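Under our numbering, the residues of the sequence shown are numbered 285 to 613, in order. C-beta: ideal position from N, C-alpha, C; glycine also. The model shown is predicted, which means the values in this text are computed figures rather than measured ones.
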Amino acid sequence: MQKPKILIARAIPPAALERLAGHFDVEANQADELWSRAEFTERMSGKDGAFTTGGERIDAELLAACPRLRICANMAVGYNNFDVPAMTAAGVLATNAPDVLTETTADMGFALLMATARRISESEAYLRAGLWNKWRYDMFTGTDVHGATLGVLGMGRIGQGVARRGAHGFGMNVIYHNRSRLDAQTEAACKARYVSKEALFREADHVVLVLPYSKEAHHTVGATEIGWMKRTATLVNIGRGGLVDENALADALGEGRLLGAGLDVFEGEPTVNPRLLALKNVVLTPHIASASVPTRLAMANLAADNLIGFFSGAGPKTPLNPDVLNRRA
Ligand code: GLV
285 MQKPKILIAR AIPPAALERL AGHFDVEANQ ADELWSRAEF TERMSGKDGA
335 FTTGGERIDA ELLAACPRLR ICANMAVGYN NFDVPAMTAA GVLATNAPDV
385 LTETTADMGF ALLMATARRI SESEAYLRAG LWNKWRYDMF TGTDVHGATL
435 GVLGMGRIGQ GVARRGAHGF GMNVIYHNRS RLDAQTEAAC KARYVSKEAL
485 FREADHVVLV LPYSKEAHHT VGATEIGWMK RTATLVNIGR GGLVDENALA
535 DALGEGRLLG AGLDVFEGEP TVNPRLLALK NVVLTPHIAS ASVPTRLAMA
585 NLAADNLIGF FSGAGPKTPL NPDVLNRRA
């Protein structure tokens, strides 16, 4: 019997590639070439399945060119690169890679919070530039993390991980806002209090954004929300770049209306808004929140499990549109 044909859109951990090669006729991209949309479509057109990594847009136009396609497995928890309704309409299963990256990503949210509050990047750049020649009482004074108020916007699994770290590790007063309020048990585990979006921005000393991106969530944080924040507050974004109006943020950071920001994700990534690059009070990392060696391997293996489970009949582990499976059954 012919093996299903799979496209792996980007370089992946070799162990995951080896597993996939044992089950499928694989077209891999270990050279990690960045294909144009036309080239990607062309390569996808004869495939039964795809391993995607979050940057490849799967929409009606692409699906129309790929009549054989039955599944796209994202090696990311976020799936804003998928038009899920279009995939469902085309009978194509979508899967993502949740859970395995929760704690690693929450670690990074906290790392950015601390680096921003304590001005780690800015002070390191100063030291490396050879500018440090004496101690001074107010040199790189920042703001405290312990005991401060942490506001988590988006209280899914990762948001809860950030909240738990703040509440239990740093004695923070945790408030959160979410589309829907959590049950009392989960709130208690995170020691988190539900507040309105406006109250969150007004009360928090440190705001962490962990919500998924959708058109509706575009610029969830703009000039109005930033205007609500304390001048001494920090903002961290480990969700998606489009959640924040970067120009409004750059205005506030440049004018001293906000202490600092820690950003792992950007609107036009991998291009970063030059206004952010020019600011000292922003910590910038290249979308690495889930980037620990074991977690990236676990994410790749989960995407591989989804492909293998789907084609073997055992079933995918983390389907986003399981209706497609029911329809095929
Ligand atoms: C990373 O951004 C992810 O969605 O997994």
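Residue i in three-state terms, based on DSSP
i, result
"residue 554", "coil"
"residue 433", "strand"
"residue 350", "coil"
"residue 311", "strand"
"residue 393", "helix"
"residue 546", "strand"
"residue 528", "strand"
"residue 366", "strand"
"residue 603", "strand"
"residue 384", "coil"
Same chain, Cβ closer than 8 Å to residue i, five either side skipped, listed in chain order
i, result
"residue 286", "309"
"residue 512", "482, 485, 486"
"residue 597", "none"
"residue 365", "336, 338, 339, 340, 341, 342, 358"
"residue 431", "454, 455, 456, 457"
Residues bridged to residue i [DSSP beta-bridge criterion]
i, result
"residue 474", "DSSP output for residue 474 lists no bridge partner at all."
"residue 460", "436, 478"
"residue 572", "Bridge partners of residue 572: none, in fact."
"residue 358", "336"
"residue 289", "309"
"residue 446", "DSSP output for residue 446 lists no bridge partner at all."
"residue 342", "366"
Contact set for residue i: own chain, Cβ-Cβ below 7 Å, skip 5 residues either direction
i, result
"residue 325", "346, 349"
"residue 344", "367, 370"
"residue 329", "349, 350"
"residue 469", "none"
"residue 252", "Lying outside 285 to 613, the shown extent of the chain, residue 252 is not represented and no answer is given."
"residue 449", "390, 394"
Segment limits, beta strand (DSSP E) that includes residue i
i, result
"residue 492", "490 to 493"
"residue 520", "518 to 521"
"residue 379", "377 to 379"
Residues near residue i by beta carbon distance below 6 Å, same chain, minus five either side
i, result
"residue 586", "381, 384"
"residue 429", "398, 401, 454"
"residue 519", "491, 545"
"residue 323", "none"
"residue 403", "424, 426"
Continuous alpha helix (DSSP H) stretch holding residue i: start and end
i, result
"residue 297", "Neither: residue 297 is in no alpha helix (DSSP H) and is coded neither H nor E."
"residue 407", "404 to 412"
"residue 321", "321 to 328"
"residue 424", "Where residue 424 is concerned, there is no enclosing alpha helix (DSSP H), given that its DSSP letter is neither H nor E."
"residue 588", "577 to 596"
"residue 511", "507 to 512"
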